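Heads up: the protein sequence lines correspond to chains A and B, in order.
Our numbering puts the first residue of the first sequence at 1, with every later residue one more than the last.
Our numbering puts the first residue of the second sequence at 128, with every later residue one more than the last.
Just so it is clear, CB atoms sit at the ideal spot from N, CA and C, and this is done for glycine as well.
Please read these numbers as outputs of a predicted model, since none were measured by experiment.
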Amino acid sequence: MEKVKIICPICPLACNVELTIDSGNIIAIKGFKCPKGKEYALQEYKCPKRILTTTVRTTDKTRPLLPVRTAGPIPKKLLIPCMKVLAGKVVSPPVTFGQVIVENIMGSGVNVFATREFIPDNLENNF
Amino acid sequence: MNMPVDVLVIGGGPAGIAAAIKARENGVENILIVERSEELGGLLYQCIHNGFGLQYFKEDLTGPEYRYRFIQKLKKLKINYLLKTMVLDITHDRQTLLMNDTEGVIRLNPKAIVLAMGCRERTRYNIFVPGTRPAGIFTAGTAQRLINVEGYIPGNRVVILGSGDIGMIMARRLILEGAKVEAVVEILPYIGGLIRNEVQCLRDFDIPFFLGYTTTEIYGLRKVEGVTISKIGGDSSNESIKDIKCNTVLLSVGLIPENELSLNAGIKLDSVTHGPVVDENMQTNIPGIFAGGNVVHVLDLVDNVSREGEIAGLNAAKYVLGEISSPVRNIKIKAGDGIRYVVPSYISGKKKVNLYMRVSEPREDATIKVVDDTKQDCLYERRLAVTRPSEMIKITLLKGRMDSLDKECGSLTVSCVGGNDNGKS
Chain A
1 MEKVKIICPI
11 CPLACNVELT
21 IDSGNIIAIK
31 GFKCPKGKEY
41 ALQEYKCPKR
51 ILTTTVRTTD
61 KTRPLLPVRT
71 AGPIPKKLLI
81 PCMKVLAGKV
91 VSPPVTFGQV
101 IVENIMGSGV
111 NVFATREFIP
121 DNLENNF
Chain B
128 MNMPVDVLVI
138 GGGPAGIAAA
148 IKARENGVEN
158 ILIVERSEEL
168 GGLLYQCIHN
178 GFGLQYFKED
188 LTGPEYRYRF
198 IQKLKKLKIN
208 YLLKTMVLDI
218 THDRQTLLMN
228 DTEGVIRLNP
238 KAIVLAMGCR
248 ERTRYNIFVP
258 GTRPAGIFTA
268 GTAQRLINVE
278 GYIPGNRVVI
288 LGSGDIGMIM
298 ARRLILEGAK
308 VEAVVEILPY
318 IGGLIRNEVQ
328 CLRDFDIPFF
338 LGYTTTEIYG
348 LRKVEGVTIS
358 KIGGDSSNES
368 IKDIKCNTVL
378 LSVGLIPENE
388 LSLNAGIKLD
398 SVTHGPVVDE
408 NMQTNIPGIF
418 AGGNVVHVLD
428 LVDNVSREGE
438 IAGLNAAKYV
448 LGEISSPVRN
458 IKIKAGDGIR
468 YVVPSYISGK
478 KKVNLYMRVS
488 EPREDATIKV
498 VDDTKQDCLY
508 ERRLAVTRPS
518 EMIKITLLKG
528 RMDSLDKECG
538 SLTVSCVGGN
548 DNGKS
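#1: Would you say G31/A and E18/A are within 8 Å of each other, going by their C-beta atoms?
#2: Just to confirm the assignment, what range does the beta strand (DSSP E) spanning D370/B have?
#3: To which residues of the same chain is G550/B closer than 8 Å at the C-beta, ignoring the five residues directly before and after it?
#4: Going along chain A, which residues have a C-beta under 9 Å from D331/B?
#5: Cβ closer than 8 Å: which chain A residues qualify as neighbours of P191/B?
#6: Is the beta carbon of A243/B sitting closer than 8 Å to the one on G143/B?
#7: Mind checking which residues open and close the alpha helix (DSSP H) that includes N431/B?
#8: Determine the closest residue to I322/B out of I314/B, E309/B and I293/B, with distance taken between C-alpha atoms.
#9: Who does Q410/B pair with in a DSSP beta bridge?
#10: Measure the Cβ-Cβ separation of L66/A and T58/A and say whether it is below 8 Å.
#11: Where F97/A and R69/A are concerned, what is the direct C-alpha to C-alpha distance, given to the nearest angstrom?
#12: From the DSSP output, in three-state form, read off I274/B for me.
#13: So for E152/B, helix, strand or coil by DSSP?
#14: Would you kindly work out how many angstroms separate the C-alpha atoms of L525/B and P120/A, rounded to a whole number?
#15: So which of I160/B, A150/B, P471/B and V286/B has the shortest CA-CA distance to K445/B?
#16: Let me know if M409/B comes out buried or exposed under the rule of 16 or more other beta-carbons within 10 Å of its beta-carbon.
#17: Using a Cβ-Cβ cutoff of less than 7 Å, which residues in the same chain neighbour K84/A once the five nearest sequence positions on both sides are dropped?
#18: How about I21/A and E2/A: do their beta carbons lie closer than 8 Å?
#19: At the level of alpha carbons, what is the spacing between R330/B and T355/B?
#20: Give every residue of the same chain whose Cβ lies closer than 7 Å to the Cβ of L273/B, excluding the five residues on either side of it in the sequence, and list them in chain order.
#21: Helix, strand or coil: how does DSSP classify E304/B here?
#22: May I ask you to list the residues that DSSP assigns as paired with F336/B?
#23: Using a Cβ cut-off of 8 Å (strictly closer), state whether L13/A contacts chain B.
#24: Measuring only between beta-carbons, confirm whether F32/A sits less than 8 Å from chain B.
#25: Closest by CA to Q173/B, which one among I394/B, K350/B and P191/B?
#26: Just tell me which of I26/A, T62/A, I80/A and Q43/A has its CA closest to the CA of M106/A.
#27: Whose C-alpha, out of I10/A, K77/A and V56/A, is nearest the C-alpha of T115/A?
#28: Would you tell me roughly how many angstroms separate the C-alpha atoms of V422/B and I522/B, rounded to the nearest one?
#29: Would P35/A count as contacting chain B if we go by Cβ distances under 8 Å?
#30: Cβ of G231/B less than 8 Å from any chain A Cβ?
#31: Residues bridged to S357/B by DSSP?
#32: Please confirm if I26/A has its CB atom under 8 Å from at least one CB of chain B.
#33: Could you tell me whether any Cβ in chain B is nearer than 8 Å to the Cβ of T54/A?
#34: Could you please tell me which residues of the region 267-281 of chain B, in chain order, have their CB closer than 9 Å to any CB of chain A?
#35: Return the Cβ separation of L554/B and G476/B in integer angstroms, given the expectation that the two are a contact with Cβ distance under 8 Å.
#36: Taking one C-beta from the region 193-206 of chain B and one from the region 450-467 of chain B each time, how about it: are there three or more such pairs within less than 8 Å?
This is the structure we're talking about:
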């Protein structure tokens, strides 16, 4: 039997949830103070997921980077592989707010979209 | 340039935008936001990570997305703003001198002002780190701009001094961009930032962090070569003194409200927050000058910055419309045991009010108490499972609770007592 400790970051209580694992099966879970903490710890043990936020290059020298994010959480182990995919991505303006930059990144089923608009002809009204 | 201005908002970041929106929604026609930089939204554009808006919008947004929502609203309400414009001076009677490269010097005499200048990072010289002065030492926010906006990585072997939120977020960012983070070093015995950043930035990437260590030397001649860290109260053993090789040092050692303009106007600053002393309406000691957001006290979340900007904007509107007048000085709010500070400093006792505070140290099962200093009555009591200095505490004092107070010269003391101080870091 193995004990796995997971800190729940959902609220300031930061519960230390402890899972007891027997040959790959969760046989006990304790230390959470609400259902969210239990759910988080189970998900975190099975397949931890995170939202990836980063930038991609643009072809424009005045604004060389465009901020992007995954629309939802992706498996944690895909964070670095996704960074490598996005490192090779160069976008040409104009880019609208929310425009999809990479569809279904690394087969995760999650799109990567622009979190900012970039319309060079109208920079003053660009947000 | 000659424009009538009722409410002048100084600073176009999240606090200023929220203040302007609220002032317009409460009936003020002539509003002007003055922003020093080239765009609105403060530093949100460089905070590309998520975690914004969880309270305000009940959604997990990135900095640019949070900014986008507020600016859309600002545009919809057709609120005027000036970019690349610097406020040079404000007088005690609200005469304001601005300057930009198209209009030259502009004089305004607004009916009310909202200060929303935000805050500034503390630097190496605020914390006195001994050693040489090589290239490669940055504040976390500068590194954030270099990496997220300009497209440069400051170095590939990094030590982060301080465990504030921006520092931890930059640790993750550097790792994602291929650099190695050798260590995060924190002088206090607990992490300085939010728990979610400790988990998702440090623990996710197995970044070593040293709590209760101070930096005793930064060395290297042209470029940083390493740092020496020493355990607080430690000896000369290898456990106490560590040498960490690196070529870049980031400082995440706190923020200070930016108040040069406030001082010129004769606004009284608080010695703990370094921001203006404000009343329940976010009015400073100068009638008609309000303040909100990080210029008053450094807040934990942008959601709270927006909310506080809204209070300042609402009351600036009320001031213009003649609904409130001079600053409230009826009941003083004092920070007692276990509390570092409380905002606001003065309340009337005649209406419901929210008090925002930070505790001095982490505690479990502590009780927040508000006591009337004259009669020693306890007006409010709440047990909290966990309290941490990194997270602000908000309590609401209802009007009914304050009926017995001396409305002329009373005072209340807020304390955080009991429980134990083994608070998890």
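According to the structure data:
#1: Indexing the first sequence from 1 puts residue 31/A at position 31. Indexing the first sequence from 1 puts residue 18/A at position 18. Closer than 8 Å, so yes.
#2: As a working mapping, residue 370/B is identified with position 243 in the second sequence. Counting along the chain, the beta strand (DSSP E) containing D370/B begins and ends at I368 to K372.
#3: Locating residue 550/B in the second sequence gives position 423, where the first residue counts as 1. In this predicted model, G550/B has a pLDDT of only 43, less than 50, meaning its place in the structure is not dependable enough to derive any value.
#4: Numbered from its first residue, the second sequence carries residue 331/B at position 204. By Cβ distance, chain A contributes P48, R50, K76 and L79.
#5: Taking the first residue of the second sequence as 1, we reach residue 191/B at position 64. Near P191/B (Cβ distances below 8 Å), the residues of chain A are P67, T115 and R116.
#6: Taking the second sequence and counting its residues from 1, the one referred to as residue 243/B is at position 116. Taking the second sequence and counting its residues from 1, the one referred to as residue 143/B is at position 16. Yes, the pair counts as a contact, with Cβ atoms nearer than the cut-off.
#7: Translated into the one-based positions of the second sequence, residue 431/B becomes position 304. That run of the alpha helix (DSSP H) goes V429 to V447.
#8: Looking up residue 322/B in the second sequence gives position 195. Minimum Cα distance to I322/B is reached at I293/B.
#9: Stepping through the second sequence from its first residue, residue 410/B is reached at position 283. Paired residues: F417/B.
#10: Translated into the one-based positions of the first sequence, residue 66/A becomes position 66. Translated into the one-based positions of the first sequence, residue 58/A becomes position 58. Result yes, Cβ atoms of L66/A and T58/A sit closer than 8 Å.
#11: Here residue 97/A refers to the residue found at position 97 when the first sequence is read from its first residue. Here residue 69/A refers to the residue found at position 69 when the first sequence is read from its first residue. Their backbone Cα atoms lie some 12 Å apart in a straight line.
#12: Numbered from its first residue, the second sequence carries residue 274/B at position 147. I274/B: helix per DSSP, three-state reduction.
#13: By one-based count along the second sequence, residue 152/B stands at place 25. Note: E152/B maps to helix in three-state DSSP.
#14: Looking up residue 525/B in the second sequence gives position 398. Looking up residue 120/A in the first sequence gives position 120. For L525/B and P120/A, the distance between alpha carbons rounds to 51 Å.
#15: Counted from its first residue, the second sequence places residue 445/B at position 318. Taking only the C-alpha atoms, the option nearest K445/B is A150/B.
#16: Stepping through the second sequence from its first residue, residue 409/B is reached at position 282. It counts as buried.
#17: To locate residue 84/A, count along the first sequence from 1; it is residue 84. Excluding residues within five positions, none has a Cβ falling inside 7 Å.
#18: The residue given as residue 21/A occupies position 21 in the first sequence. The residue given as residue 2/A occupies position 2 in the first sequence. In contact: I21/A and E2/A (Cβ atoms closer than 8 Å).
#19: Numbered from 1 along the second sequence, position 203 holds the residue referred to as residue 330/B. Numbered from 1 along the second sequence, position 228 holds the residue referred to as residue 355/B. C-alpha separation (whole angstroms): 23 Å.
#20: Indexing the second sequence from 1 puts residue 273/B at position 146. Once the five neighbours on either side are set aside, the close Cβ partners of L273/B are Y279 and P281.
#21: Along the second sequence, read from residue 1 onward, the residue named residue 304/B stands at position 177. Three-state DSSP puts E304/B in coil, outside helix and strand.
#22: Along the second sequence, one-based indexing puts residue 336/B at 209. In DSSP, F336/B forms a bridge with V311/B.
#23: One-based indexing of the first sequence puts residue 13/A at position 13. L13/A counts as touching chain B.
#24: The residue labelled residue 32/A in the question sits at position 32 within the first sequence. Chain B, which has no Cβ nearer than 8 Å to the Cβ of F32/A, makes this no.
#25: Counted from its first residue, the second sequence places residue 173/B at position 46. Nearest C-alpha to Q173/B: P191/B.
#26: Counting from one through the first sequence, the residue named residue 106/A turns up at place 106. Checking every option, the nearest Cα to that of M106/A belongs to I80/A.
#27: The count along the first sequence starts at 1 and reaches residue 115/A at position 115. It is V56/A whose Cα lies nearest to the Cα of T115/A.
#28: Translated into the one-based positions of the second sequence, residue 422/B becomes position 295. Translated into the one-based positions of the second sequence, residue 522/B becomes position 395. Cα to Cα, V422/B sits roughly 21 Å from I522/B.
#29: Stepping through the first sequence from its first residue, residue 35/A is reached at position 35. So, not an interface residue.
#30: Stepping through the second sequence from its first residue, residue 231/B is reached at position 104. Chain A contact via Cβ: absent.
#31: Within the second sequence, residue 357/B is the residue found at index 230, counting from 1. Answer by DSSP bridge pairing, in chain order: T341/B and I368/B.
#32: What you label residue 26/A is simply residue 26 of the first sequence in a count that begins at 1. With 8 Å as the cut-off, I26/A does not count as an interface residue toward chain B.
#33: Start at 1 with the first residue of the first sequence, and residue 54/A comes out as number 54. Closer than 8 Å: yes.
#34: I274, N275, V276, E277 and G278
#35: What is shown of chain B runs 128 to 552, which leaves residue 554/B out entirely.
#36: no
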